[in-house]
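Student:
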Amino acid sequence: MARAKRDPEATETITRRGWLLAGLALPLSRAWSAERLDVTWDGDDLHVAAPQLHFLVGKPLNRLQDGLAVVFLTQLTLTTDNFTTSLRRTPDRFVFSYDLWEEKFSVTKLGEGQRTVSHLSAAAAEAWCLDNVAISSTGLPQDRPFWLRFELRAAEPKDEAAVIGDAGLNLTRLIEIFSRRPRDQQPQWIAEAGPLRLGDLRRLAGRAARTL
Amino acid sequence: MRFLWLASIFWSSLLLAGSPEQEMNVNTRYTVESVELAGDSPAGISSGLRGELTRLVGNKLDPAALDDLATRIRRELHVRAVTHRLLRGQKPEHVRVVFVVRGTPAKFEASVPKLVYRSDAGLSGLVEGTATVGRQAFTFGVVSDGDDLAERYSGIMARYEDKRLATDRVRFRLDFESYHEQWNQATTNALTEQGAASDTSGIYRTRQNVEPLVTFVLMSGAPGLMNLSVGSSFERFQSQFPAARTESANAMVTTLRYHRRVESSGANQQEWDAGYSLRAATSLLGSDFAYACHRGDVQYVYSWGRSQVQDDLTAGAITGRAPLFERFILGNSTLLRGWNRFDLDPLGGNRMVHNTVEYRYRLFDVFYDSGAIWDQGQSPVLRHSVGVGLRQNGLYAALAFPIKEGHIEPVFMVGMNY
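Line by line, the protein sequences give chains A and B.
Start counting the first sequence at 2; every next residue gets the next number (the numbering used here).
Start counting the second sequence at 23; every next residue gets the next number (the numbering used here).
Have a look at this one:
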């Protein structure tokens with residue numbers, strides 16, 4: 002089938018559809034633009050670091066400075082096909098709080114082997130959080146390319162108390178919650194790395210490489 | 023079936039939504055220096071709640087207590103949200119708590135005060151909407167309940183409430199209810215068997231009730247909260263057999279309730295709740311039935327850390343000839359869980375005693391129910407049941423097993439505020 006010839010000048014102009022797509026893409030790219038992730042390997046697990054990723058900002062920081070505890074949910078995803086399918090996922094939960102008198106942060110990693118650190122600066126608290134997420138490399142050949150994605154978001158402040166109480170389920174409040182605009186949702190951060198190979202990674206000291 | 027699974031997933035996510043993150047707040051080592059209210063309409067809270075806010079001062083910061091109080095302020099003021107924040111105090115190692123009231127009082131609120139599904143009785147629930155004008159509230163609701171009584175009653179209810187009648191220690195409410203009834207075959211069979219010897223009414227098709235009630239706050243603050251309600255209930259119902267006719271059960275109603283919470287050092291807390299109610303129907307009020315229905319209950323809760331032990335004792339007795347809706351039942355979603363009430367006594371009884379012992383750890387719950395229901399002149403038979411459940415923020419899912427010989431069929435219950 003013959004295609005209609007296009008006016009060469011038309012390629013120089015931006016159509017309304019183009020503006021619309023650009024307008025939509027800009028905020029999306031901001032929300033989803035991934036930071037760079039540094040990856041190390043200890044022979045068993047893959048560890049990550051992202052010194053340029055700062056999540057103790059904005060609304061979560063305001064809540065912390067109001068003396069409240071804030072839960073951050075993290076997820077580390079390992080894929081071997083550039084995030085088309087995930088090979089493995091490790092979700093974790095961290096509780097941050099801010100000491101009003103010492104002006105330092107305290108972080109607790111929830112779950113098995115729960116542990117807490119305190120008297121940390123914002124940067125040190127963020128770094129401790131990333132230091133404490135890891136994903137197993139079991140079954141991953143040394144020469145096979147893989148990708149890692151680290152996702153982090155602040156959990157919504159609890160609304161259950163307002164929605165469900167002694168007076169039962171408050172439908173008015175429930176409608177309010179479902180009517181919230183997306184911009185009111187909690188922020189999230191993403192950092193990615195790949196393609197990587199285990200053989201190319203910097204090896205953490207003190208752990209022997211496992212036979213694969 | 024698919025919807026049941028979806029409902030289960032939704033319910034499970036709500037049950038698991040709560041968690042003790044706030045207990046890990048580093049500021050819990052500080053002492054509360056002062057408690058303030060700020061925002062849109064902070065002046066209107068009751069003196070009892072204001073007293074509870076004051077009692078935070080001098081104690082270690084308890085984020086769970088702050089969440090609880092924020093919820094109670096929000097409910098009392100009918101506002102959109104109440105949040106709290108902490109500021110450094112004037113004294114070292116002390117913090118100031120500021121509750122921030124946001125949003126003007128809601129003019130209209132829709133809610134579901136009760137919703138429960140039982141695998142052997144189906145769904146029961148109440149949906150209501152409340153319009154608030156100043157201190158006065160107008161509520162209208164739709165109900166279908168097959169859990170509370172021997173019958174399933176479905177219909178409408180309306181309520182007018184004045185929360186401050188001259189003083190905030192006196193409240194007035196007027197309830198109106200209109201229901202259509204459905205009966206289990208076991209109940210109609212039992213009535214047929216008893217015939218004229220029955221000491222209760224026959225089944226009825228419809229039932230209406232008008233109930234004005236005045237509540238006096240006798241005591242509030244540190245010694246506890248004590249309320250006395252006095253009123254009357256004008257109940258009319260249309261009997262079906264032997265011929266359609268309207269009967270009435272008009273009664274004087276009195277309820278005395280006492281609640282006290284004692285917080286000892288550390289995270290230990292004790293809570294007492296006790297009540298006694300009397301419904302006395304007399305021909306002086308034009309009643310076709312003359313009876314007195316006494317009911318008393320005591321609840322004791324001891325909490326430490328994330329654990330809680332609770333004991334509930336309930337007992338009741340009816341003297342005279344009372345209609346079916348006044349009779350006690352066991353084997354529903356709160357009393358002798360796991361038993362089917364139609365197996366125990368399809369007509370209910372005029373004597374009842376029941377006790378529940380419950381242990382909760384975080385959202386996990388185990389319980390042991392025991393109770394007996396009988397009619398005057400009969401020998402009571404004590405029955406038992408055990409169960410496990412998940413409970414969070416008023417939501418509850420449980421599996422209860424009757425303790426008996428032979429085939430045991432567990433009862434699954436899920437819902438809230440039951």
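Even glycine gets a Cβ: it sits at the ideal position worked out from N, Cα and C.
Treat the numbers as computed from the prediction; the structure is a model and nothing was measured.
May I have the straight-line CA-CA distance separating S200 (chain B) from T210 (chain B), to the nearest angstrom?
Tutor: Within the second sequence, numbered from 1, the residue matching residue 200 (chain B) stands at position 178. Within the second sequence, numbered from 1, the residue matching residue 210 (chain B) stands at position 188. Approximately 22 Å, taken between the alpha carbons.
Student: Exposed or buried, which one is R4 (chain A) when buried takes at least 16 other CB atoms within 10 Å?
Tutor: Here residue 4 (chain A) refers to the residue found at position 3 when the first sequence is read from its first residue. Residue confidence is low: R4 (chain A) scores 40 on pLDDT, short of 50, so the model does not pin down where it sits. Its coordinate-derived value is still stated next. Its Cβ having fewer than 16 others within 10 Å, R4 (chain A) is exposed.
Student: Using the C-alpha atoms, what's the distance from F56 (chain A) back to P28 (chain A)?
Tutor: On the first sequence, position 27 is the one that residue 28 (chain A) refers to. On the first sequence, position 55 is the one that residue 56 (chain A) refers to. Because the pLDDT of P28 (chain A) is 47, which lies under 50, any placement of that residue in the model is unreliable, and the number read from its coordinates should be weighed accordingly. When rounded, the distance between both Cα atoms is 18 Å.
Student: For K60 (chain A), report the span of its alpha helix (DSSP H) as first-last.
Tutor: For the purposes of this step, residue 60 (chain A) is identified with residue 59 of the first sequence, where counting begins at 1. G59 to Q66 is the extent of the alpha helix (DSSP H) around K60 (chain A).
Student: Within 10 angstroms of the Cβ of H120 (chain A), are there 16 or more other Cβ atoms? Answer buried if so, exposed if not.
Tutor: In the first sequence, residue 120 (chain A) corresponds to position 119, counting from 1. Its Cβ having fewer than 16 others within 10 Å, H120 (chain A) is exposed.
Student: Kindly say whether N47 (chain B), judged by its beta-carbon, lies nearer than 9 Å to any beta-carbon of chain A.
Tutor: Within the second sequence, numbered from 1, the residue matching residue 47 (chain B) stands at position 25. Yes, N47 (chain B) counts as interfacial toward chain A.
Student: Would you check if there are 3 or more beta carbon pairs closer than 8 Å linking the segment 377–393 of chain B to the segment 315–334 of chain B?
Tutor: Contact holds: three or more Cβ-Cβ distances are below 8 Å.
Student: V164 (chain B): which of B:E150, B:T93 and B:R157 sits nearest, CA to CA?
Tutor: The residue given as residue 164 (chain B) occupies position 142 in the second sequence. Closest by alpha carbon: B:E150.
Student: So what does DSSP say about W294 (chain B), is it helix, strand or coil?
Tutor: The residue you call residue 294 (chain B) lines up with position 272 of the second sequence. Reduced to three states, the DSSP call for W294 (chain B) is strand.
Student: Assign N67 (chain B) to one of three DSSP states: helix, strand, or coil.
Tutor: Translated into the one-based positions of the second sequence, residue 67 (chain B) becomes position 45. Residue identity check: residue 67 (chain B) is Ile in the sequence provided, not Asn. Looking at I67 (chain B) - three-state DSSP - the assignment turns out to be coil, as it is neither helix nor strand.
Student: Expressed to the nearest angstrom, what Euclidean distance is found between the alpha-carbon atoms of E348 (chain B) and C315 (chain B)?
Tutor: The count along the second sequence starts at 1 and reaches residue 348 (chain B) at position 326. The count along the second sequence starts at 1 and reaches residue 315 (chain B) at position 293. When rounded, the distance between both Cα atoms is 7 Å.
Student: In chain order, which continuous runs of the beta strand (DSSP E) of length 3 or greater are located wholly inside the segment 275–357 of chain B?
Tutor: The qualifying runs are 291–303, 313–326 and 329–342.
Student: Can you check which of these residues, A:G68, A:G59 and A:L131, is closest to T41 (chain A) by C-alpha distance?
Tutor: On the first sequence, residue 41 (chain A) is found 40 positions in, with the first residue counted as 1. Nearest of A:G68, A:G59 and A:L131 to T41 (chain A), Cα basis: A:L131.
Student: Can you pull out the residues from the segment 119–138 of chain B whose beta carbon lies closer than 8 Å to at least one beta carbon of chain A?
Tutor: Of all residues in the segment 119–138 of chain B, A128, F130, E131, A132, S133, V134, P135, K136 and L137 have a Cβ within less than 8 Å of some Cβ in chain A.
Student: Under 9 Å between the Cβ atoms of E55 (chain B) and Q112 (chain B)?
Tutor: The residue you call residue 55 (chain B) lines up with position 33 of the second sequence. The residue you call residue 112 (chain B) lines up with position 90 of the second sequence. Against a cut-off of 9 Å, the Cβ pair of Q112 (chain B) and E55 (chain B) comes out as a contact.
Student: Show which residues of chain B have a CB atom less than 7 Å away from the CB atom of E67 (chain A).
Tutor: Against the first sequence, residue 67 (chain A) aligns to sequence position 66. The sequence given here places Asp at residue 67 (chain A); Glu does not occur at that position. Within 7 Å Cβ-Cβ: R107 and L108.
Student: Got a sec, what are the start and stop residues for the beta strand (DSSP E) N231 (chain B) sits in?
Tutor: Position 209 of the second sequence holds residue 231 (chain B). Per DSSP, N231 (chain B) belongs to the beta strand (DSSP E) from Y226 to M241.
Student: Rounding to the nearest angstrom, what Cα-Cα distance links S98 (chain A) and L75 (chain B) in this structure?
Tutor: One-based indexing of the first sequence puts residue 98 (chain A) at position 97. One-based indexing of the second sequence puts residue 75 (chain B) at position 53. Those two C-alpha atoms are separated by around 23 Å.
Student: Take the Cβ of D82 (chain A) as the centre, count every other Cβ of all protein chains shown within 10 Å, and call the residue buried at 16 or more, exposed below.
Tutor: Here residue 82 (chain A) corresponds to residue number 81 of the first sequence, with the count starting at 1. Answer is exposed; the Cβ neighbour count stays below 16.
Student: Examine chain B for any beta-carbon lying closer than 9 Å to the beta-carbon of D82 (chain A), and answer yes or no.
Tutor: As a first step, residue 82 (chain A) is located in the first sequence; it is residue number 81 there, counting from the start. Cβ-Cβ to chain B under 9 Å: no for D82 (chain A).
Student: Exposed or buried, D387 (chain B), counting other C-beta atoms within 10 Å across all chains shown (16 or more means buried)?
Tutor: Here residue 387 (chain B) is taken as the residue at index 365 of the second sequence, counted from 1. Flag for D387 (chain B) reads buried.
Student: At a CB distance below 7 Å, what residues from the segment 119–133 of chain A approach chain B? Give them in sequence order.
Tutor: From the segment 119–133 of chain A, only S119 have a Cβ closer than 7 Å to chain B.
Student: Please list, in chain order, the residues of the segment 139–152 of chain A that have any C-beta partner in chain B closer than 8 Å.
Tutor: Of all residues in the segment 139–152 of chain A, none has a Cβ within less than 8 Å of some Cβ in chain B.
Student: Indicate whether at least one CB of chain A lies closer than 9 Å to the CB of V375 (chain B).
Tutor: As a working mapping, residue 375 (chain B) is identified with position 353 in the second sequence. It does not: the Cβ of V375 (chain B) has no partner Cβ on chain A nearer than 9 Å.
Student: Does S309 (chain B) pass the burial test, meaning 16 or more other C-beta atoms within 10 Å, or should it be called exposed?
Tutor: For the purposes of this step, residue 309 (chain B) is taken as the residue at position 287 of the second sequence. Answer is buried; the Cβ neighbour count reaches 16.
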